[in-house]
Amino acid sequence: MGLITETSLRAMLGSGRGLPNPFPIGAGDRVTPAAADFLKDRRIGLRRIAPEREAGESWAHGEHRGALIPVGVSNRHVHLSPSHVQALFGPDFDLHPLRGLSQEGQFAAKETVTLVGPKGEISGVRVLGPSRGATQVEISRTDGRKLGSTPAVRLSGDLAGTPGISIRGPAGTLGLDEGLIVARNHVHLSPDDAARLSVQHGDRLLLQSLGDRPIVFADAIARVNERFSLDFHIDTDEANAAFLRTGDFVRLVGINMSISDLFGGRKA
Ligand SMILES: [Zn+2]
Numbered sequence: 076m077g078l079i080t081e082t083s084l085r086a087m088l089g090s091g092r093g094l095p096n097p098f099p100i101g102a103g104d105r106v107t108p109a110a111a112d113f114l115k116d117r118r119i120g121l122r123r124i125a126p127e128r129e130a131g132e133s134w135a136h137g138e139h140r141g142a143l144i145p146v147g148v149s150n151r152h153v154h155l156s157p158s159h160v161q162a163l164f165g166p167d168f169d170l171h172p173l174r175g176l177s178q179e180g181q182f183a184a185k186e187t188v189t190l191v192g193p194k195g196e197i198s199g200v201r202v203l204g205p206s207r208g209a210t211q212v213e214i215s216r217t218d219g220r221k222l223g224s225t226p227a228v229r230l231s232g233d234l235a236g237t238p239g240i241s242i243r244g245p246a247g248t249l250g251l252d253e254g255l256i257v258a259r260n261h262v263h264l265s266p267d268d269a270a271r272l273s274v275q276h277g278d279r280l281l282l283q284s285l286g287d288r289p290i291v292f293a294d295a296i297a298r299v300n301e302r303f304s305l306d307f308h309i310d311t312d313e314a315n316a317a318f319l320r321t322g323d324f325v326r327l328v329g330i331n332m333s334i335s336d337l338f339g340g341r342k343a
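According to our numbering, the sequence shown is numbered sequentially starting from 76.
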């Protein structure tokens with residue numbers, strides 16, 4: 076980042092993204108006195124980002140609270156089983172990777188499909204690869220209103236009892252009996268991330284958005300896997316509600332707690 080000035084801080088504020096608190100300072104960064112005062116006036120602390128190993132040591136001592144976790148916003152998308160790829164795009168068809176996703180091995184495909192619901196259609200819906208066991212369609216609540224379907228919030232793969240949807244591709248249309256979900260928000264962690272943050276697979280994380288629209292996400296599920304890298308996945312409705320974009324950060328404020336634990340209940 077280099078030199079952090081009052082002007083650069085005001086620009087960050089003006090962009091609507093807000094300033095993280097504490098404000099992370101990298102090893103090569105220098106903060107001007109005016110910038111330091113600007114942060115101090117807003118009660119924003121500075122947090123030196125230590126080299127990786129030192130950070131691991133300090134967090135291992137329980138200082139995980141306040142850690143910043145990057146946000147990844149998932150737009151509506153479809154995961155397809157191998158046979159459904161053929162049904163929608165033709166026999167012997169393979170998906171074409173367009174770009175890699177934050178999680179190792181996952182990609183956004185060049186291919187898109189149209190979702191057809193009882194009340195409307197949404198075209199240009201990205202297929203994610205590689206193809207996997209069960210076909211799953213992830214939409215936002217807002218998308219559901221357009222389609223005429225209101226699926227429940229589910230973790231990926233938990234499809235029993237979910238509504239169906241029709242998917243139209245260039246080579247055919249598929250009627251699914253189930254598989255339409257609003258994805259439950261979750262945090263991907265590598266085993267190293269999990270150790271640094273004192274988080275275990277299945278923990279419920281309390282995360283706070285930073286900036287102009289502070290929102291607490293009360294129940295983000297931690298998912299630990301060697302192929303994962305640190306990322307908080309939310310859908311577009313959640314992102315819009317909290318003014319978050321991919322690459323922003325949320326703050327870890329609690330593990331396996333409810334919001335009332337944070338504030339000690341209601342004051343008399
Ligand atoms: Zn995810």
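Ideal Cβ placement from N, Cα and C applies to all residues, glycine included.
Distance, Cα to Cα, residue i vs residue j?
| i | j | result |
| --- | --- | --- |
| Ser198 | Leu143 | 35 angstroms |
| Gln211 | Asp306 | 21 angstroms |
| Asn331 | Ala270 | 16 angstroms |
| Glu81 | Asp323 | 20 angstroms |
| Phe292 | Asp278 | 13 angstroms |
| Ile290 | Ser333 | 14 angstroms |
| Ile119 | Asp336 | 24 angstroms |
| Ala162 | Ala111 | 59 angstroms |
| Val148 | Ala109 | 34 angstroms |
| Ala209 | Leu281 | 30 angstroms |
| Val106 | Gly89 | 19 angstroms |
| Asn315 | Arg220 | 16 angstroms |
| Ala317 | Leu230 | 21 angstroms |
| Asp267 | Asn150 | 28 angstroms |
| Thr225 | Asp167 | 34 angstroms |
| Phe164 | Gly244 | 6 angstroms |
| Phe113 | Ser83 | 11 angstroms |
| Ile309 | Lys115 | 31 angstroms |
| Thr187 | Leu285 | 33 angstroms |
With DSSP as the reference, label residue i as helix, strand or coil.
| i | result |
| --- | --- |
| Gly101 | coil |
| Ile334 | helix |
| Glu179 | coil |
| Val160 | helix |
| Arg302 | coil |
| Asn279 | Reading the sequence as shown, one finds Arg at residue 279 and not Asn. Of the three classes helix, strand and coil, the one that applies to Arg279 here is strand, per DSSP. |
| Ala246 | coil |
| Leu327 | strand |
| Leu155 | coil |
| Leu285 | coil |
Hey, quick one: how far does the alpha helix (DSSP H) through residue i stretch, first residue to last?
| i | result |
| --- | --- |
| Arg216 | Arg216 to Leu222 |
| Leu114 | Pro108 to Asp116 |
| Gly89 | Glu81 to Gly89 |
| Arg271 | Pro266 to Leu272 |
Candidates the options: which alpha carbon is nearest residue i's?
| i | options | result |
| --- | --- | --- |
| Ser265 | Val274, Leu281, Arg201 and Ala183 | Val274 |
| Val262 | Gly93, Ala295 and Lys115 | Ala295 |
| Leu170 | Ala184, Glu179, Ser241 and Phe303 | Ala184 |
| Leu94 | Arg105, Phe168 and Ile79 | Ile79 |
| Gly223 | Glu186, Gly286 and Glu196 | Glu196 |
| Leu272 | Gly141, Met87, Asn96 and Asp104 | Gly141 |
Identify the continuous beta strand (DSSP E) that holds residue i and give its terminal residues.
| i | result |
| --- | --- |
| Glu313 | Run containing Glu313: none in the beta strand (DSSP E); it sits in the alpha helix (DSSP H), Thr311 to Ala316. |
| Pro145 | Leu143 to Ser149 |
| Glu196 | Glu196 to Gly204 |
| Ala293 | Val291 to Val299 |
| Leu170 | Leu170 -> no beta strand (DSSP E), and no H or E assigned at all. |
| Ala258 | Leu255 to Ala258 |
| Arg122 | Leu121 to Arg123 |
List the whole-angstrom C-beta distance separating residue i from residue j, where the pair is believed to meet the contact cut-off of C-beta under 8 angstroms.
| i | j | result |
| --- | --- | --- |
| Arg85 | Ile100 | Going by Cβ atoms, the distance from Arg85 to Ile100 rounds to 17 angstroms, so no, they are not a contact pair. |
| Ser241 | Val191 | 4 angstroms |
| Gln181 | Ser304 | 11 angstroms between Cβ atoms; not a contact. |
| Ile256 | Thr237 | 5 angstroms |
| Gln283 | Arg320 | About 16 angstroms separates the two Cβ atoms, so there is no contact after all. |
| Pro172 | Gly204 | 6 angstroms |
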